[in-house]
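**Student:**
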Amino acid sequence: MLELRPLPRAGLVLRREHDDWAVLFDPDTGSGFGLDPVGIFLWESMDGRRRVADLLEALRGHFAQVPSQVADEVQGFLRELQERDLIQLL
Amino acid sequence: MSTPRAVDLVITNQCNLRCHYCYHFEGAGDVARDLPRSQWSRFFEELERHTVLEVGLTGGEPFCRPDLPELLEDLSRHPLRFTLYTNATLIGPSEAAFLAGLRRLRAVQVSLDAAHATGHDACRGAGSFERALRGIRALKKQGLPLSLQVTLHRLNAADLEKTAEFVLEELGLASFQLNSAYDMGTCSRHRQQVCLDLDERRAALTTLEALQRRYPGRLRASAGPLAQLRRWTAMEQARRGGESWSQGGRLSSCGGVFRKLAVRADGAIVPCNQLSGRVLGWIQTDDLRQVWQQSPELERLRRRQETRMQDLPGCSGCPWSDWCSGGCPAGSAEGFGTEDCLRAFLEQGGISIEDLVP
Ligand code: SF4
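Quick note, the sequences are listed as chains A and B, same order. Okay, so the first sequence: first residue is 1 according to this note's numbering, each after it adds one. Okay, so the second sequence: first residue is 1001 according to this note's numbering, each after it adds one.
1) Against R1104 of chain B, what residues of chain A qualify as contacts under a CB-to-CB distance less than 9 Å, listed in chain order?
2) Would you say the beta carbon of A1344 of chain B is closer than 7 Å to some non-hydrogen atom of the ligand SF4?
3) For a test of the three-state rule: what should DSSP assign to R15 of chain A, helix, strand or coil?
4) Listed from N- to C-terminal order along the chain, which residues in the stretch 1148-1182 of chain B have their beta-carbon within a distance smaller than 8 Å of any beta-carbon of chain A?
5) Might you give, ordered along the chain, the residues of its own chain that have their beta carbon closer than 6 Å to the beta carbon of G1335 of chain B, omitting 5 neighbours on each side?
6) Cutting at 7 Å between CB atoms, please list the residues of its own chain near G1349 of chain B, excluding the five before and the five after it.
7) Taking only beta-carbon atoms, is R1077 of chain B less than 8 Å away from chain A?
8) Count the other CB atoms, across all protein chains shown, that sit within 10 Å of the CB of E1095 of chain B; report buried if there are 16 or more and exposed otherwise.
9) Between the stretch 1047-1061 of chain B and chain A, which residues of the former have CB atoms less than 7 Å from a CB of the latter, in chain order?
10) Grab me the residues of L1173 of chain B's own chain with a C-beta within less than 8 Å of its C-beta, minus the 5 sequence neighbours each way, in chain order.
11) For M1184 of chain B, tell me which candidate among B:N1013, B:C1019, B:Q1014 has the shortest Cα-Cα distance.
12) Is E73 of chain A close to chain B? Criterion is C-beta to C-beta, closer than 8 Å.
13) Just tell me which of B:R1303, B:R1213, B:I1091 has its CA closest to the CA of C1254 of chain B.
14) If we count the other Cβ atoms within 10 Å of its Cβ and call it buried at 16 or more, is I1136 of chain B buried or exposed?
15) With a threshold of 7 Å (Cβ to nearest heavy atom), would W1320 of chain B be considered close to the ligand SF4?
16) Specify whether the stretch 1211-1226 of chain B and the stretch 68-84 of chain A touch according to this definition: at least 3 beta carbon pairs, one from each stretch, less than 8 Å apart.
17) Ordered along the chain, which non-local residues of its own chain (more than five positions away) have a Cβ less than 6 Å from that of V1108 of chain B?
18) Does the beta-carbon of M1309 of chain B, which I'm using as the reference point, lie nearer than 7 Å to any heavy atom of the ligand SF4?
19) Examine the ligand SF4 and report whether any of its heavy atoms sits within less than 7 Å of the Cβ of C1328 of chain B.
20) In whole angstroms, what separates the C-alpha of G1059 of chain B from that of S31 of chain A?
21) Return the chain-ordered ranges of every beta strand (DSSP E) run that is complete within the stretch 1159-1216 of chain B and spans a minimum of 3 residues.
22) Give the DSSP-derived three-state secondary structure of E1054 of chain B in the structure shown.
23) Starting from G32 of chain A, trace the beta strand (DSSP E) both ways and give me its first and last residue.
24) Could you tell me the distance, in whole angstroms, from the CA atom of V1052 of chain B to the CA atom of V23 of chain A?
25) Could you tell me the boundaries of the alpha helix (DSSP H) in which S1128 of chain B lies?
26) Mind pulling the chain B residues with CB within less than 7 Å of R15 of chain A?
27) For chain A, find out if any of its Cβ atoms is closer than 8 Å to the Cβ of S1002 of chain B; answer yes or no.
28) Any heavy atom of the ligand SF4 within a distance shorter than 7 Å of the CB on G1314 of chain B?
29) Check whether the Cβ atoms of D89 of chain A and L78 of chain A sit closer than 8 Å, and answer yes or no.
30) Indicate, with yes or no, if the ligand COA has a heavy atom lying under 7 Å from the CB of C1254 of chain B.
31) Heavy atom of the ligand SF4 less than 7 Å from the Cβ of C1324 of chain B, yes or no?
32) Which partner residues of P1149 of chain B appear in the DSSP bridge assignment?
33) Please check the pair L1171 of chain B and G1119 of chain B, which I expect to be a contact at CB under 8 Å, by giving their CB distance rounded to whole angstroms.
34) Where does the unbroken beta strand (DSSP E) through T1083 of chain B begin, and where does it stop?
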């Protein structure tokens, strides 16, 4: 998993809501998926070139207190995005 | 929210009907001109820039615009979903087929007031029932996401049960939306003919209660008697149970100013189509985000929610003031004393709360 490169699906809208949350909106289906600040950071960092390991490193550099289990959580989050067809893992 | 999530657009001031209960005509939104397509298209780009996700297209009657197809194609190029509000009388097989080819059309909402021409045409004009039905059938044939709006008035309220049977069983729709005629626009001139009196409102509530039981989850309402019945029932149950509501007890109804805006046919940005006289800016000259964040009028409307119901002179001592959120600000500036007021309804109707919520 750490070597895979997540690529966001084209055409989705990231809309920032109040309290630092955002919704990922699919205009073709109307479905939405909520993102917290970490999710937003990851979403905006994915480009199909950076590996999951790179994203984790960037995350640790960006947020002050990153819990030790962050790698598992990020991988779970990415799997969920993949299951929802919001990203591809290349 | 830094920008509105949804925007309603009056894309034309033209309509082929003149319904007696219309809130649009003879109100502040009844303007002399329609914006050209180029202006709307530029605004669609702005909607995308500001990540507006939902758009409602209304009028007048959208199909009165000769360039509606081009306008819809322009809109469909942007990453948002839209709903078209129509009387359906100008929709035939070719219009329905065109709509079916559009990406991102969330729903077509059609107004239908009764199961028969008498009840529907009473306020909408002779022949409109047959034409609306033809439009509805064409939309259904294309498998389009269709929703129906029934507006209750004095000439169709007694037939509500038959209307529900027709829409849910004969037309086979999953649900429909209910509203009632409000004393605004053209409706004010026809008030006596269309607005339900107290007895009729009481009778409608009884019928709606029975219909809710018969068709669970299939009747929807954001305003009108069904919405009132649900809100009042919840308020009374909360009062009896001693519940506290975080959002209750403040002048916060309906909350629309926190998520959406509207634009009139002439480009004026307004808080909503029922408040079309309160101009916040113009799409021709102003930035939507700036209007959303900086309009003093919008701020004033948002700050209504700081007012506690029990501090309003008309509400002091009301047993429901901890749960009530007032009424639509378009109904009265203070938001109470309107049709949405439970206490006024009981007092004027000479009934007790137990009659309403056993
Ligand atoms: S008087 Fe009416 S509007 Fe005021 S709190 Fe009571 S029910 Fe609500």
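Virtual Cβ for every residue (Gly too), placed ideally from N, Cα, C. The structure displayed is predicted, hence computed values, not measured ones.
**Tutor:** Here's the rundown:
1) Here residue 1104 of chain B refers to the residue found at position 104 of the second sequence. Within chain A, the residues near R1104 of chain B are P27, D28, G30.
2) Numbered from its first residue, the second sequence carries residue 1344 of chain B at position 344. A heavy atom of the ligand SF4 is found nearer than 7 Å to the CB of A1344 of chain B.
3) Your numbering for residue 15 of chain A matches position 15 in the first sequence. It is a strand residue.
4) none
5) Here residue 1335 of chain B refers to the residue found at position 335 when the second sequence is read from its first residue. Unreliable positioning characterises G1335 of chain B in this predicted model, as indicated by a pLDDT of 49, which lies under 50. The coordinate reading is nonetheless provided below. Contacts found: L1251, G1326, G1327, P1329.
6) Taking the second sequence and counting its residues from 1, one reaches residue 1349 of chain B at position 349. Answer for G1349 of chain B: L1198, R1202, listed in chain order.
7) As a position in the second sequence, residue 1077 of chain B is number 77, starting the count at 1. Not flagged as an interface residue toward chain A: R1077 of chain B, since no C-beta distance is shorter than 8 Å.
8) Counting from 1 along the second sequence, the entry for residue 1095 of chain B is found at position 95. Answer is buried; the Cβ neighbour count reaches 16.
9) T1051, L1053
10) Locating residue 1173 of chain B in the second sequence gives position 173, counting from the first residue. When the five nearest sequence neighbours on each side are left out, the beta carbons in the same chain lying within less than 8 Å of the beta carbon of L1173 of chain B are those of L1146, S1147, L1148, V1167, in order along the chain.
11) The residue given as residue 1184 of chain B occupies position 184 in the second sequence. Closest option to M1184 of chain B, Cα to Cα, is B:C1019.
12) Locating residue 73 of chain A in the first sequence gives position 73, where the first residue counts as 1. Cβ-Cβ to chain B under 8 Å: no for E73 of chain A.
13) As a first step, residue 1254 of chain B must be located in the second sequence, where it is residue number 254. Checked all of B:R1303, B:R1213, B:I1091; the closest Cα to C1254 of chain B is B:R1303.
14) Position 136 of the second sequence, counting from 1, holds the residue named residue 1136 of chain B. By the neighbour-count rule (16 or more Cβ atoms within 10 Å), I1136 of chain B is buried.
15) Position 320 of the second sequence, counted from the start, is the residue given in the question as residue 1320 of chain B. Yes, the Cβ of W1320 of chain B comes within 7 Å of a heavy atom of the ligand SF4.
16) In short, these stretches do not touch, since the Cβ pair count stays below three.
17) Counting from 1 along the second sequence, the entry for residue 1108 of chain B is found at position 108. Closer than 6 Å at the Cβ level, and outside the excluded window around V1108 of chain B, lie L1084, L1139, L1144, L1146.
18) On the second sequence, position 309 is the one that residue 1309 of chain B refers to. Yes, the ligand SF4 has a heavy atom inside 7 Å of this Cβ.
19) To locate residue 1328 of chain B, count along the second sequence from 1; it is residue 328. No, Cβ of C1328 of chain B sits at least 7 Å from all heavy atoms of the ligand SF4.
20) Residue 1059 of chain B sits at position 59 when you count from the first residue of the second sequence. Residue 31 of chain A sits at position 31 when you count from the first residue of the first sequence. Those two C-alpha atoms are separated by around 27 Å.
21) 1176-1180
22) Here residue 1054 of chain B corresponds to residue number 54 of the second sequence, with the count starting at 1. It is a strand residue.
23) Indexing the first sequence from 1 puts residue 32 of chain A at position 32. 32-35 is the extent of the beta strand (DSSP E) around G32 of chain A.
24) Working through the second sequence from its first residue, we reach residue 1052 of chain B at position 52. Working through the first sequence from its first residue, we reach residue 23 of chain A at position 23. Using only the alpha carbons, I get a separation of about 12 Å.
25) Within the second sequence, numbered from 1, the residue matching residue 1128 of chain B stands at position 128. In the DSSP assignment, S1128 of chain B falls within the alpha helix (DSSP H) that extends over 1128-1141.
26) Within the first sequence, residue 15 of chain A is the residue found at index 15, counting from 1. T1051, L1053, listed in chain order.
27) Walking along the second sequence from the start, residue 1002 of chain B turns up at place 2. Output row for S1002 of chain B: interface = yes.
28) Here the question's residue 1314 of chain B lines up with position 314 in the second sequence. Checking the Cβ of G1314 of chain B against the ligand SF4 gives yes.
29) Against the first sequence, residue 89 of chain A aligns to sequence position 89. Against the first sequence, residue 78 of chain A aligns to sequence position 78. It is Leu, not Asp, that sits at residue 89 of chain A in the sequence shown. Yes.
30) With respect to small molecules bound, the structure shown includes the ligand SF4 and not the ligand COA.
31) Counting from one through the second sequence, the residue named residue 1324 of chain B turns up at place 324. True, at least one ligand heavy atom lies under 7 Å from that Cβ.
32) Taking the second sequence and counting its residues from 1, one reaches residue 1149 of chain B at position 149. What sits at residue 1149 of chain B in the sequence shown is Gln, not Pro. For Q1149 of chain B, which the question treats as bridged, DSSP gives the partners B:S1111, B:Q1177.
33) Taking the first residue of the second sequence as 1, we reach residue 1171 of chain B at position 171. Taking the first residue of the second sequence as 1, we reach residue 1119 of chain B at position 119. The pair is not a contact, with the Cβ atoms about 15 Å apart (cut-off 8 Å).
34) Sequence index remark: in the second sequence, residue 1083 of chain B carries index 83 (1-based). Element bounds for T1083 of chain B: 1081-1086.
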